[in-house]
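Asks: These protein sequences, in sequence, are chains A and B.
Just so you know, we're using the working numbering here: the first sequence kicks off at 359 and counts up by one.
Just so you know, we're using the working numbering here: the second sequence kicks off at 17 and counts up by one.
All residues carry an ideal CB built from backbone N, CA and C; glycine is no exception.
Take this structure first; my questions come after.
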Amino acid sequence: MADLSGLLRGAVAGERLALARLLTAIENDAPGMRELLPELFAAGKGGHLVGITGPPGSGKSTLVNALTQEFRSRGLRVGVVAVDPSSPYTGGAIMGDRIRMMEHAADRDVFMRSMASRGELGGIAAATWMAAAALDAAGYDPILLETVGAGQSEVEVARLAETTVVVEVPEMGDEVQAIKAGLLEVADLLVVNKGDRPGAALAARHLRAMLSTAGGRVGRKPPPILLTTATTGDGVPALADAIEAHRSVARSPDAATARARNQVRRALGDLALRRAGASSTWEATIESVASRQLDPITAAERLLGEEGKA
Amino acid sequence: MDDARSAPIRVLIAKPGLDGHDRGAKVLARGLRDEGFEVIYTGLRQTPEMIVDAAEQEDVDVIGMSILSGAHMALLPRVVELSRSRGMDDVLIAAGGIIPDADVAKLKAAGIGEVFGPGTSIGQIAGYFREHARRRA
């Protein structure tokens with residue numbers, strides 16, 4: 359068994375291979391990882407956690423590369439976690455986010471890790487927040503979390519990130535798309551990428567018009583809408599400014615509490631599932647629901663040993 | 017620890033040097049995905065330093081390089097050297113492409129685990145990786 363505590367110390371001291379191996383232990387839920395968690399959490403240095411999400415092909419990877427360059431020019435050390443989908447059939451994955459990041463491969467102040475989603479819904483891997491914590495402990499700030507190409511409802515990243523950037527393209531659709539619930543709602547910053555395409559400015563204007571009047575973002579101001587061309591770097595410094603400006607908003611006590619609430623909720627759900635899944639009556643209980651002898655809620659209570667208590 | 021092997025094997029697929037022919041590398045990446053591997057594809061025109069830097073950050077179990085340009089003797093041993101100097105002693109390094117038999121022995125002596133020539137099946141490569149990639153604890 360690897361010495362996880364030693365890997366964490368190495369990562370904090372700037373050893374890249376130690377950090378890389380710690381990330382592997384996190385992904386694989388290696389023996390001893392659970393015990394390391396309090397230490398990992400405490401080692402955090404307060405790096406700004408920025409989620410980058412949007413549909414496939416909207417230019418997330420290219421934008422992450424452009425942002426990395428911009429933050430490096432400001433003297434910041436940039437961490438990147440890029441999530442790509444795992445095949446539901448074979449468990450395999452192809453992760454191609456590095457293709458656009460190779461110019462930073464030899465930069466000692468950029469650390470990028472590709473993660474396969476390993477069956478997790480919501481555009482991020484289950485271990486993503488722990489991976490972000492490891493990069494934070496190693497002193498990277500900001501930490502960019504690039505999700506899998508997300509559809510309209512993959513909003514999980516917003517529960518984790520302090521600042522969520524949603525990347526759209528000019529062809530995203532009409533004004534009604536802009537007022538639907540889902541991905542656009544969770545944006546702290548909304549980017550229309552591929553700004554050199556015809557209609558880009560118009561798409562940004564539509565979004566601005568619809569989102570400035572739309573409800574749904576209770577207690578929150580409509581998100582700034584920025585136009586970028588990631589391939590040329592146009593608009594990227596302004597996006598970096600907006601991300602940095604959002605840091606203080608994200609760290610208000612209310613925002614921090616809301617994030618913590620979501621994280622604990624999620625952890626609680628995972629824990630309940632793990633406990634129930636380990637129960638010897640798991641399969642039999644599932645079968646009872648399948649044959650309609652038992653309803654799903656009673657089944658869940660029974661698996662948690664909570665029947666009658668709720 | 018057999019259950020440690022239930023975590024997918026991570027493979028970096030790279031094209032070292034000035035060689036724009038990446039069809040083979042992409043077909044292999046796709047094939048390995050179907051075999052259940054997690055494949056990190058780095059794209060074209062990589063220096064040995066870039067390949068090793070990426071392999072280190074990704075903590076891969078295998079580095080697979082496809083090379084058709086004839087520069088294999090200049091580039092591949094350098095990847096082995098750099099990997100070992102970074103403490104990546106347990107990473108399997110393999111190559112594929114157009115490589116003369118006379119050079120295969122030299123590459124193996126330099127630390128390249130296996131060299132796959134034309135006609136190799138994806139299954140053979142997957143089998144080799146499964147057998148020789150490190151076991152994680």
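1. Bridge partners of aspartate 592 of chain A, per DSSP?
2. Consult DSSP for valine 439 of chain A and reduce its assignment to one of helix, strand or coil.
3. With DSSP collapsed to three states, give me the class of aspartate 554 of chain A.
4. Where DSSP assigns a beta bridge to proline 32 of chain B, which residues make up the other side?
5. Along chain B, in chain order, which residues have C-beta atoms closer than 7 angstroms to that of phenylalanine 469 of chain A?
6. Anything in chain B within Cβ reach of arginine 392 of chain A, meaning under 9 angstroms, just list it in chain order.
7. Does the contact criterion of 3 or more C-beta pairs under 8 angstroms hold for the region 459 to 477 of chain A versus the region 51 to 69 of chain B?
8. Helix, strand or coil for alanine 561 of chain A? Go by DSSP, reduced to three states.
9. Using DSSP's beta-bridge definition, name the partner residues of glycine 80 of chain B.
10. Taking alanine 388 of chain A as the reference, give the member of A/Met488, A/Tyr447, A/Arg458 with the closest Cα.
11. Where in the region 373 to 451 of chain A do unbroken runs of the beta strand (DSSP E), each at least 3 residues long, occur, reported from the N-terminal end onward?
12. Can you tell me whether histidine 148 of chain B is buried or exposed, with buried defined as 16 or more other CB within 10 angstroms of its CB?
13. Does tyrosine 57 of chain B have its Cβ less than 8 angstroms from a Cβ in chain A?
14. Report the option in A/Ala567, A/Ala516, A/Asn551 whose CA atom is closest to the CA atom of arginine 624 of chain A.
15. Could you spell out where the beta strand (DSSP E) holding phenylalanine 469 of chain A opens and where it closes?
16. So, with DSSP's three-state summary, where would you put aspartate 361 of chain A?
17. Does chain B have any CB closer than 8 angstroms to the CB of isoleucine 583 of chain A?
18. State yes or no: is the C-beta of leucine 565 of chain A within less than 8 angstroms of the C-beta of valine 550 of chain A?
19. Just reading off the alpha helix (DSSP H) that isoleucine 141 of chain B is part of, what are its end residues?
20. Would the beta-carbon of glycine 112 of chain B fall within 8 angstroms of that of serine 137 of chain B?
21. Could you check what DSSP says for threonine 522 of chain A in three-state terms: helix, strand or coil?
22. What's the call for phenylalanine 53 of chain B, buried or exposed, on a 16-neighbour Cβ count within 10 Å?
23. Chain A partners of glutamate 65 of chain B, CB-CB under 7 angstroms?
24. Return the bridge partner residues of tyrosine 498 of chain A from the DSSP annotation.
25. Could you tell me which chain A residues have their CB closer than 7 angstroms to the CB of glutamine 140 of chain B, listed as they occur along the chain?
26. With a threshold of 16 other CB atoms inside 10 Å of the CB of lysine 124 of chain B, please say whether the residue is buried or exposed.
27. Give the range of the alpha helix (DSSP H) segment to which isoleucine 56 of chain B is assigned.
28. Using the three-state DSSP reduction, which class does methionine 568 of chain A fall into: helix, strand or coil?
29. Where does valine 549 of chain A fall in DSSP's three states?
30. For serine 511 of chain A and leucine 541 of chain A, I'd like the C-alpha separation in whole angstroms.
31. Just grab the DSSP bridge partners of glutamate 97 of chain B for me.
32. Starting from the beta carbon of arginine 102 of chain B, find every residue of chain A whose beta carbon is closer than 7 angstroms, and list them in chain order.
33. Write down the C-beta distance between alanine 496 of chain A and valine 370 of chain A rounded to the nearest angstrom, noting that I regard them as a contact closer than 8 angstroms.
34. Can you give me, in chain order, the residues of the region 114 to 145 of chain B that have a beta carbon less than 7 angstroms from any beta carbon in chain A?
35. Where does valine 131 of chain B sit, in a helix, a strand or coil, going by DSSP?
36. So, does the region 583 to 594 of chain A touch the region 423 to 432 of chain A, judging by three or more C-beta pairs under 8 angstroms?
Replies: If we stick to the structure as given:
1. Answer is A/Thr587.
2. strand
3. DSSP, reduced to helix, strand and coil, places aspartate 554 of chain A outside both helices and strands of the structure shown, so it counts as coil.
4. B/Gln62
5. Gln73
6. Under the 9 angstroms cutoff, chain B gives no residues; its nearest Cβ is about 16 angstroms from arginine 392 of chain A.
7. yes
8. helix
9. In the DSSP output, where bridge partners are listed per residue, glycine 80 of chain B has B/Ile29, B/Ala110.
10. Of A/Met488, A/Tyr447, A/Arg458, the residue nearest in Cα terms is A/Met488.
11. 407 to 411, 436 to 442
12. exposed
13. yes
14. For arginine 624 of chain A, the nearest C-alpha among the options comes from A/Ala516.
15. 468 to 474
16. coil
17. no
18. yes
19. That run of the alpha helix (DSSP H) goes 138 to 148.
20. no
21. strand
22. buried
23. Ala464
24. Answer by DSSP bridge pairing: none, since tyrosine 498 of chain A is not bridged.
25. Per Cβ cutoff of 7 angstroms: no residues; glutamine 140 of chain B is ~17 angstroms from chain A at best.
26. exposed
27. It is not in any alpha helix (DSSP H) - isoleucine 56 of chain B instead sits in the beta strand (DSSP E) that spans 54 to 57.
28. helix
29. strand
30. Note on serine 511 of chain A: pLDDT 47, under 50, position unreliable in the model; no value is reported.
31. Under DSSP, glutamate 97 of chain B forms no beta bridge with any residue.
32. Leu375
33. 6 angstroms
34. none
35. For valine 131 of chain B, the secondary structure class from DSSP, reduced to helix, strand or coil, is strand.
36. yes
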